[in-house]
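Colleague: Quick one: the structure is below, and I'll ask about it shortly.
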Amino acid sequence: MVNAVAGIEDAVLAARCTSVCWKPGKINSTCVSLCASTPVVKPGHCPDAESLTVFDTVCLDACSQDSGCPQTHKCCRHDCGATCQEAQGLRTVPGLPDIPSNITVMERRRGRVVSIHWLGQETPGLLYLLEQRQHVGHHFSQDRLGPWMSSHRSSRPSATLKGALKPGRWYEFRAAAVSANGTRGFSEPSQPFTLSIGPKPPGPPEDLTVQSRPNGNGTYWGLLKWKHPRNSDLPVQKYKVFWSRRFQEKAAASVLDVTQIVLNNLQAHSLYFLQVQALAQFGRDRLKGEKAATFLDTAIHPTKIRTLISPSSAVELNTTSASANCAIEAAQLSKDELNSSGTAMGAMTDILEGNSTSLQEKSSISSERTNLKFCLLISCEVFWWMFACLVPQDNKNIKLKKELYAKALSHLGSNTTDSQDNRNDIAKRIEWFVQGITSDRVSVKRWIQRGDKVVDSRAQLFSCRSQAIQFSDVIGRITISSGRNQTGVAYEKSFFLKNLANGLNVIPRQFLELVASLPDTSVTTMIVEQVLGSQDDPQVTVTIPQGTLRGASQTTVSGTVYHRFLGIPYAKPPVGNLRFKSPQPPENWNGTRDALEFGSNCRQEGGIGEEDCLFINIFTPQLPNNSADTELLPVMVWFHWGAFVTGNGDITPGHLIDKHVLFIPVNYRVNVFGFLSLQGADVSGNAGLKDQVAALRWVKNNIAHFGGDPDSVTIFGGSAGGASVHYHVLSPLSSGLFHRAISESGSALNPWAFTPDTQSYAFRLGSNLGLETDSAQELADFLRTVPGEQLSEAVDTLLTKEETVKLLTYPFLPTLEYPVEGESVFLTDYPHNVATSGKFNKVPYITGICLLEGHQFIGSDEDLANSSFWEAIMDNLELVVPTDLGLPAGSPGSIEVANKVKKFYFGYEDISLETKSKWIDLQTDLLFAIGTQTTIHIQSKFSNATYNYQFVFGTPYHIAEVYYLIYSEAVEGVNTEPAIMSRLMTDLWSSFAKTGIPSATNVTWPPASGSSYPYLKLDTEHQLLNKVEKDRMDFWAGIYKDYYNGSIDA
């Protein structure tokens, strides 16, 4: 809100006096104060006595002069007193500025910034006042609006409100122009406005304090107090308090309107765990906030216990007793023994104790922003690991450091006898830890705030974070490999951990030596084998036309020696004038270039990555020798997933490398940087797909130097990577650069993989960034000057609320190109037209989907739990109509299709939580199955080597098959179902890469033909069946035939 000027509460008076005292570049505050205290006659006249009400003419001297009345009110005398009345005739008073008009409100950056504009002059000394009023709720109601409040003051007819508006509220705005002569008053209100983002649950209550006293009858009472959360989107209506003893019993709960509670009849000599949660109401939805937590020990009084902030409410603190005791023990140790062990350790102690003031002084880490809120979340071994890591490395602390490492290992070893439920709990807590600590670089920047005081502390915390990732990865592998958890779900979680931990071989030698000195167990042996050997990997060099590369050699758990060369530039950095342009040939370098670490990720959604990112990574099981008869090996080039807006090639090959093939993951440009297309400018489009072509050309020209066969290249990828593969099958620009192709859970015919036009979004993007132009070239030149992080952030908030209703909707995707002189065209026509023409690269091709692809795209758990989520779908059934049918919303055809879809999938049931499985089937078909099966039907007409599959093993969500293909290192030699599945996948894919025919022991997999569509049902008990989801695909064939002229050939 607008602050009072020089103590002047009336914003109109303050603005008038500011205008009176205005001089170019300077405002005299003394003048403003004197002006405000000087009596003045306001413009206009008092209303006629006849028009006054009884209340207006009350016998009271409420004012003595106009200056005592707010805004445009005048002090008006009547028969028995004086009251403030709205001035009349202001519109005809000369010398007053015009009332602003046409107020428009525009949201930017998904609610973080709101721009408000109105018609008005920009004159020296003229000021504008903006006021707002609001109410909370789903729907706008004039009757519920609150009073007008000052919001902004400006010398221009516009205002930018950053973070000032809250989700879940409706706003109206009005403006007034004020000069030295006064004002004519405020404008008519704007149209009602609400942010596109929904309200978040309240934050955790703050400043929990607890005291206890004996009752005299052997029991205790406790007094728990707290303060309201800060910056809640919605008013907090209630608080829910939970308490339980030693985590071993079901928590009691109470709902309150106040910020304190008395707990009676507490047991003596007991440790109670207390939690407080703020509750807010939004329509029929109750929003549950994060819980704040503390302890109450009735063996100690008076008590003031440290406060912990729990994770989000989606992760309840119902940990096992063992982990809870570990956390309590660790917290006590941090206070009693480690508090003086250096700046970083002191920061950790303050995190545990919730001492944010001291914390910020010591390490510039905000306790609200830090992700180290894990004391009660993670398994004990990881918690002790972090403490051990943060103890300074010197002679004074060496003993303590070793003891803490030993504690980490002992907790890990003790888990081997846990029950199955506890093992699952451990796996969950490890995953939560990794998600909380390692999300991305942006989180790290927020986690460790930049400053000048504690560079060493920040560096140490960052290093320990990396070590904990590696350690948690080792735990994830051991959890599977020792046979303690053989479920498919946990197996995939282990792969997830492995992916996050790639390239982080940072566990200190000191810890590994300690492990090696302990009694030999399967656990300790596996830690040493998997980590110790990776500390000093032997280095190798390869010389290519660009220069010499230094890589490193490693050994898989199966004993295969392979060589890795990471971060090799395959094109010139696409920066400056090359932004949005087709990739250019790479530059050479002098000397030997280290290829030991992955290169930068490409700039993408969320502000992550860099624009200098066109790197390729090579994993090869052999390097050529001087012998002329060295057999070159098949090559598998991997294109990553990410919906063409995110993702990277920073992955390792798993067991594929054991199959004697080269594995080559590729970075390519995504989002606006990779898929901006502008007619009339030097931006043809599809730069990200052309990056992939450049990478394939680089492979063709260089891969023999790494032992790979340039005449035996298979391209494969998942999701957007799978769609990319299909695009190369369709593109003449990729002809001859590959010889086999595999699309996993993705096709160019999926609705999320193509957009007919990016032009309109591009001009909207320019406008949001401050450029109004009709020239495509001027827009392209302008966008090249915008800093990459700012451009990425602007794209993240580009779509309107209505445009985001459709799932997987992004503005910049593969599209039709506009010809640009000197650049080749990648996509010559709509993907469906190219496919049906038969003019594509006829290579052996595998494509398929997972059984439950749609599961990840049906909405969050919070959405699904709200009845309003399902009601919104039922209210707008046309959401289920495929966009590529081309039926306008509200048209008879669109409504007919929506009703037919509803009846086919749900019958006479509502779409609701109870019919969630049918909703998943529908999203699976809309987003993946229709496009993939269309591809199979079309492709098999022109090629006799097109293979189809459906992955059903484990939890077959989107791209689940990839985890058993690439991230399979953890299961070598274990005769579990996940291991069997992994070996089947790697056998099929590697044999296809070698021969063009997918084969494995006891597997028969014939290709589809123009009239027969067999598919392999991928499970440990694999089956050969005909037509994936035949009834559903036949239904959609009829829909497309009747409403679009048919794109699925029945």
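First residue of the sequence shown? That's 1 in full-length UniProt numbering, and the numbers climb one at a time after it.
Heads up, the beta-carbon is just placed ideally off N, CA and C, and yes, glycines get one too.
Keep in mind the model is a prediction, meaning the values are calculated, not measured.
#1: Going by beta-carbon coordinates alone, are Y947 and L1018 separated by less than 8 Å?
#2: In whole angstroms, what separates the C-alpha of G483 from that of S982?
#3: Flag this pair as touching only if the stretch 631-647 and the stretch 549-557 have three or more C-beta atom pairs under 8 Å; answer yes or no.
#4: Is the beta carbon of A723 closer than 8 Å to that of Y845?
#5: Would you call the stretch 615-626 in contact with the stretch 579-594, where contact means no fewer than 3 C-beta pairs closer than 8 Å?
#6: What does DSSP give as the partner residues of N1026 in its beta bridges?
#7: Take I703 and list the residues in its own chain whose beta-carbon comes closer than 6 Å to its own, dropping the five residues that flank it on each side.
#8: How far does the beta strand (DSSP E) with R213 in it extend, from its first residue to its last?
#9: Any contact between the stretch 737-749 and the stretch 910-927? By contact I mean 3 or more CB pairs, one from each, below 8 Å.
#10: Report yes if the CB atom of T194 is closer than 8 Å to the CB atom of A268, and no otherwise.
#11: Does DSSP classify W148 as helix, strand or coil?
#12: Does V262 pass the burial test, meaning 16 or more other C-beta atoms within 10 Å, or should it be called exposed?
#13: With DSSP as the reference, please indicate the residues paired to S154 in a beta bridge.
#14: Count the other CB atoms, across all protein chains shown, that sit within 10 Å of the CB of L256; report buried if there are 16 or more and exposed otherwise.
#15: According to DSSP, is I846 helix, strand or coil?
#16: Closest to T259 by C-alpha separation, out of G996, E597, L279, N265, would be which residue?
#17: Taking the alpha-carbon positions, what's the T18 to V32 distance?
#18: The alpha helix (DSSP H) with F906 in it runs from where to where?
#19: Q71: buried (16+ other C-beta within 10 angstroms of its C-beta) or exposed?
#20: If you run the structure through DSSP and keep just helix, strand and coil, what is Y562?
#21: If you draw a straight line from the C-alpha of G81 to the C-alpha of H152, how long is it?
#22: Do L13 and A49 come within 8 Å of each other at the CB atom, strictly closer than that value?
#23: Can you name the start and end residues of the alpha helix (DSSP H) that F644 belongs to?
#24: Could you tell me which residues DSSP puts in a beta bridge with S244?
#25: Opposite I664 in the DSSP bridges: which residues?
#26: Can you give the beta carbon distance from Q679 to Y830, rounded, assuming they're within the 8 Å contact cut?
#27: How far does the alpha helix (DSSP H) with A794 in it reach, from first residue to last?
#28: Indicate whether L119 and P167 have their beta-carbon atoms separated by less than 8 Å.
#29: Report yes if the CB atom of D650 is closer than 8 Å to the CB atom of N601, and no otherwise.
#30: Quick one, are the C-beta atoms of H138 and F282 less than 8 Å apart?
#31: Identify which residue in D863, V670, T652, N264 has its Cα closest to the Cα of G198.
#32: Applying the criterion that 16 or more other CB atoms from any shown protein chain within 10 Å of the CB defines a buried residue, is T555 buried or exposed?
#33: The beta strand (DSSP E) spanning G717 covers which residue range?
#34: Is C59 buried or exposed, if buried means 16 or more other CB atoms sit within 10 Å of its CB?
#35: In the DSSP assignment, what are the bridge partners of Q554?
#36: Quick one: does G654 have its CB under 8 Å from some CB of chain B?
Modeller: On the basis of the data shown:
#1: Against a cut-off of 8 Å, the Cβ pair of L1018 and Y947 comes out as no contact.
#2: Note that G483 scores a pLDDT of 32, beneath 50, so its modelled location is shaky; the value from the coordinates is reported in the next line. Rounded to the nearest angstrom, the gap between the Cα atoms of G483 and S982 is 16 Å.
#3: For the pair of segments examined, the stretch 631-647 was found not to touch the stretch 549-557: the number of CB pairs separated by less than 8 Å stays below three.
#4: No, the pair does not count as a contact, with Cβ atoms beyond the cut-off.
#5: Taking a cut-off of 8 Å for Cβ pairs, the stretch 615-626 and the stretch 579-594 do not touch, as fewer than three such pairs fall below it.
#6: DSSP lists P1014 as partners of N1026.
#7: Closer than 6 Å at the Cβ level, and outside the excluded window around I703, lie V635, P710.
#8: 206-214 is the extent of the beta strand (DSSP E) around R213.
#9: No, because fewer than three Cβ pairs between the stretch 737-749 and the stretch 910-927 fall closer than 8 Å, the two stretches do not touch.
#10: Cβ distance not < 8 Å, so T194 and A268 don't count as in contact.
#11: Three-state result, W148: coil.
#12: Exposed is the call here.
#13: In the DSSP output, where bridge partners are listed per residue, S154 has Y128.
#14: By the 16-neighbour rule on beta-carbons within 10 angstroms, L256 is exposed.
#15: I846 falls in the strand class under three-state DSSP.
#16: Looking at the Cα atoms, L279 is the closest of the given residues.
#17: Those two C-alpha atoms are separated by around 6 Å.
#18: Element bounds for F906: 892-906.
#19: Under this definition Q71 is a buried residue.
#20: Judged by DSSP in its simplified three-state form, Y562 adopts strand.
#21: Straight-line spacing of the CA atoms in G81 and H152 works out to 35 Å.
#22: Between A49 and L13, the C-beta gap is not smaller than 8 Å, which leaves the two residues out of contact.
#23: Here F644 belongs to no alpha helix (DSSP H), and DSSP marks it neither H nor E.
#24: For S244, the beta-bridge partners assigned by DSSP are F273.
#25: DSSP lists V637 as partners of I664.
#26: Between Q679 and Y830 a beta carbon distance of about 16 Å is seen, past the 8 Å cut, so the two are scored as non-contacting.
#27: Bounds of the alpha helix (DSSP H) holding A794 are 788-796.
#28: No. Outside cutoff.
#29: Taking 8 Å as the Cβ cut-off, D650 and N601 qualify as a contacting pair.
#30: Contact flag set, yes.
#31: Out of D863, V670, T652, N264, D863 has the C-alpha closest to the C-alpha of G198.
#32: Of the residues assessed, T555 falls on the exposed side of the cut-off, its CB having fewer than 16 other CB atoms within 10 angstroms.
#33: It spans 708-718 - the beta strand (DSSP E) in which G717 sits, taken as one unbroken run.
#34: Counting Cβ neighbours within 10 Å, C59 comes out exposed, since fewer than 16 surround it.
#35: Per DSSP, Y562.
#36: Annotation note: the requested chain B is absent from the structure, which comprises a single protein chain.
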